[in-house]
Amino acid sequence: VKRMLAAAVSLGQSVGYQSVGTVEFIYDGLRDDFYFLEVNTRLQVEHPITERVTGIDLVEWMLLIAAGTPPDMQQLPEPQGAAIEVRLYAEDPLKNFQPSPGTLTEVVFPPQGPDLRVDGWIEQGSEVSAHYDPMLAKLIVYGNDRAEAIARLQQALDQTRLGGIATNLDYLRQISRWDRFLAGDVA
Numbered sequence: 679v680k681r682m683l684a685a686a687v688s689l690g691q692s693v694g695y696q697s698v699g700t701v702e703f704i705y706d707g708l709r710d711d712f713y714f715l716e717v718n719t720r721l722q723v724e725h726p727i728t729e730r731v732t733g734i735d736l737v738e739w740m741l742l743i744a745a746g747t748p749p750d751m752q753q754l755p756e757p758q759g760a761a762i763e764v765r766l767y768a769e770d771p772l773k774n775f776q777p778s779p780g781t782l783t784e785v786v787f788p789p790q791g792p793d794l795r796v797d798g799w800i801e802q803g804s805e806v807s808a809h810y811d812p813m814l815a816k817l818i819v820y821g822n823d824r825a826e827a828i829a830r831l832q833q834a835l836d837q838t839r840l841g842g843i844a845t846n847l848d849y850l851r852q853i854s855r856w857d858r859f860l861a862g863d864v865a
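My numbering puts the first residue of the sequence shown at 679, with every later residue one more than the last.
Listed below in structure tokens is the structure:
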């Protein structure tokens with residue numbers, strides 16, 4: 679992780695980049711090595727993961743940088759714990775993830791707190807158009823380690839209810855309990 683961070687910082691410095699962005703790598707566990715994938719010079723949909731494990735409000739940092747008062751980059755916090763984000767989509771996994779427009783007749787999320795954040799725009803009665811970005815909401819969970827984060831993810835997904843249209847909610851529930859996901863086996 680420290681080598682990846684150093685590579686990302688070096689890349690940003692080499693082009694004089696001065697805002698929030700993401701440098702993505704592919705990690706090869708067998709070789710314990712990583713390979714550059716891409717740079718996104720913007721805030722990404724996954725930014726709550728970084729915010730949760732670092733305690734940094736990335737939007738605030740972007741505003742501080744734009745105002746000419748950037749935060750002290752020499753005082754970066756050490757990441758703590760593990761965070762996982764899932765995206766709830768208006769898509770039907772049983773029909774090759776085709777769009778699922780319609781009216782949401784039920785929208786229930788578990789209570790938010792320090793270990794659960796819900797980002798979304800939907801409520802009961804929301805009309806989901808066929809001309810849309812299919813993301814309805816994101817669930818972001820935090821735990822002291824990956825196992826605790828997964829347990830909180832399973833609980834949050836189990837407590838979430840979406841009705842009226844097909845969504846990927848049950849699909850996410852299944853993935854969160856899949857042996858390969860639990861083991862971190864992505865090969």
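The beta-carbon is built from N, C-alpha and C at its ideal position, and this holds for glycine as well. From a predicted model like this one, the values you see are computed outputs, not experimental measurements.
- Judged by their CB atoms, Q837 and V764 are not nearer to each other than the 9 Å cut-off.
- E729 sits in a helix when the DSSP states are folded into three classes.
- As summarised for the segment 834–863, the continuous beta strand (DSSP E) elements at least 3 residues long and confined to that stretch are 839–841, given in chain order.
- Residue state for P792 is assigned as coil, using DSSP reduced to three classes.
- Excluding its 5 nearest sequence neighbours in each direction, G842 has C-beta neighbours in its own chain below 7 Å: G780, T781, L782, T783, E784, listed in chain order.
- Taken in chain order, the unbroken stretches of alpha helix (DSSP H) that lie wholly in the segment 732–758 and span 4 residues or more are 736–744.
- For A815, the enclosing beta strand (DSSP E) begins and ends at 813–821.
- The alpha-carbon separation between A745 and W739 amounts to approximately 10 Å.
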